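So the structure is just underneath, and the comments pick up after that.
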Amino acid sequence: MCVENCPPPSNRLTRRGVLAGAAALAGTTAALAAAAPGASAAALATTAHSSSGSAPRGGDLVIDGGTLLDPATGEVTEDAVVVIRDGVVRAAGKRKNVDVPADVTVLDAHGQWVLPGLVDSHIHLNTAAEAAKTLALGATTARSGSTNFYQDIAVRELSRQAPGLAPRLRASGIFVTPDLGDTILADPDLTPLARLKGGVTSTEALRRVVEVNLARGVDTVKTRVNPRAGLAEQDPLEQVYSREQLSTIVATARRGGKDVLCHSYSEKGCHDAVMAGVKSVEHGAFISERTLHEMRRRGTYFTPTMVAIGGMIGDPDPVLDERGRTYLPKLKAAAKLAHELGVGLVSGTDSSGGSVEPIGAEIEMMHSAGLSALDAIRTATTNAARLLGFEGRVGRLARGYEGDAILLSGNPLADVSVLKKPVRVVRAGAAV
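Have a look at this one:
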């Protein structure tokens, strides 16, 4: 069945768009007020309004005396200095090679390791509290794995207006899935889909969900080929979309200049997703060597989300416990093989439901899968920056890069577990 008499949503400014923008602004103003209780709501609203067209200037900061690790090269610099102006790195390196400005706040990093802020490439941020927690745990950049009602769009704006409250975010909007459930209420332009008895499966319906996402300003599109592993009543190896349906989603997203990430578990599902042209495969417990070779050829990325899968181990439900025990070893083997084959491997926690896991825990999982500590760190820095389109901006502390950093109590090349508990986090040149 087609969606009748419902042309694609317009990109024109509409009353609904104005109201949505006002709601996002209200949420941003409330969050800013929480961060700066001494400021008036009117002043904060004015600040947010005046900055809506562009991000406000970042902070000025000198990170002094730490041991600096550059994930791109593996170079370690002792007694290093990082100079950040307007939220951007202006210089980084040995003290003798860096001119330190006298009028800038200094963050003492002696005895600590200094790394660029980390990237969580698969996370579900639904609240300001979750965004703040994610940032505090070291992820200064992230990619949304979908939200129910476009909360990630507002979190992205919150991050632009108040960087100290949320990670820089690539938003994916709502999940393109056969059964939208309550997400049908996320936008009035989705409601005609309620008439479809078979759910979001026809070409017209698939295009409509993607087009609504595009109209709402997503950075990427999220879909699935298999159900969830974390729900015992669902079969994560059942295939809910064919290669042809996935190709429709990818083609529609590409027309809007966006790529697609795909929730996948089964071998066939992973392969169909890759052949349909998705940018990254998420989870992928049963991904095959054949598919990994194809991913390497096409430049498709792999986000294993091992922390989330391993989190099912010990679940009171025996089905979930068994899935965790079965899937995690397979994922570790797949991650190791992907790395050896040269597939772009990235870290994502798949945190959701109010619980935020540190991205350092996924790096630790990568290391336990057989990657060196440096290569594991790259999955949440340089590799992830390329996937998210932030190469040259994120993943290093070098001139021209974003002024995001984490300070660690020890050497992550010797003990990756220190990445789970940063001593300090710097976002856009300001200590969080």
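Residues in the sequence shown are numbered from 1 upward in steps of one, following the numbering used here. For glycine and all other residues, C-beta sits at the position ideal for the given N, C-alpha and C. This structure is a prediction, so every number in the text was calculated from the model and none was measured.
- Note: residue 182 is not bridge-paired with any residue in the DSSP secondary-structure output.
- Going by DSSP, residue 121 is part of the beta strand (DSSP E) stretching over 118 to 123.
- Annotation: residue 271 is outside any beta strand (DSSP E); the continuous alpha helix (DSSP H) that includes it extends over 267 to 276.
- Note that the C-beta distance between residue 101 and residue 381 is not below 8 Å.
- If you compare the alpha carbons of 402, 418 and 414 with that of residue 60, the shortest gap goes to 402.
- When DSSP states are grouped into helix, strand and coil, residue 427 belongs to the strand group.
- Under the 10 Å beta carbon count, residue 272 is surrounded by 16 or more other beta carbons and is classified as buried.
- Rounded to whole angstroms, the gap between the alpha carbons of residue 340 and residue 196 is 45 Å.
- Excluding sequence positions up to five before and after residue 258, its CB lies within less than 6 Å of the CB of 220 and 221, all in the same chain and listed in chain order.
- Taking a contact to require three or more Cβ pairs closer than 8 Å, the region 164 to 173 and the region 146 to 154 qualify as touching.
- In the three-state DSSP reduction, residue 215 falls in the helix class (H, G or I).
- A distance below 8 Å between beta-carbons, with the five flanking residues on each side excluded, links residue 302 to the following residues of its chain, in chain order: 280, 281, 284, 287, 292, 295, 334, 335, 338, 343, 344, 345 and 346.
- Under the three-state reduction of DSSP, residue 401 is assigned to coil, being neither helix nor strand.
- Per DSSP, residue 300 is not a residue of any beta strand (DSSP E), being assigned neither H nor E.
- The Cβ atoms of residue 400 and residue 89 lie closer than 8 Å to each other.
- When secondary structure is reduced to three states using DSSP, residue 347 falls in the coil class, being assigned neither helix nor strand.
- No Cβ-Cβ contact shorter than 8 Å links residue 79 with residue 91.
- In this structure, residue 169 sits away from residue 406, with a CB-CB distance that is not shorter than 8 Å.
- The DSSP-derived three-state label of residue 413 is coil.
- Taking all protein chains in view, the Cβ of residue 231 is surrounded by fewer than 16 other Cβ atoms within 10 Å, so the residue is classified as exposed.
- In this chain, the beta strand (DSSP E) harbouring residue 140 covers 139 to 144.
- When C-alpha distances from residue 276 are compared across 256, 251 and 66, the shortest belongs to 251.
- For the set 96, 84 and 56, the Cα lying nearest the Cα of residue 160 is the one of 56.
- Secondary structure at residue 359: helix, using DSSP grouped into helix, strand and coil.
- Within the DSSP secondary-structure output, residue 294 pairs in no beta bridge.
- By the neighbour-count criterion, in which a residue is buried when 16 or more other Cβ atoms sit within 10 angstroms of its Cβ, residue 318 is exposed.
- Ranked by how close their Cα comes to the Cα of residue 422, the residues 410, 329 and 267 have 410 in first place.
- Assignment of residue 67 by DSSP, reduced to helix, strand and coil, places it in the strand class.
- For residue 249, the uninterrupted alpha helix (DSSP H) run begins and ends at 243 to 255, by DSSP.
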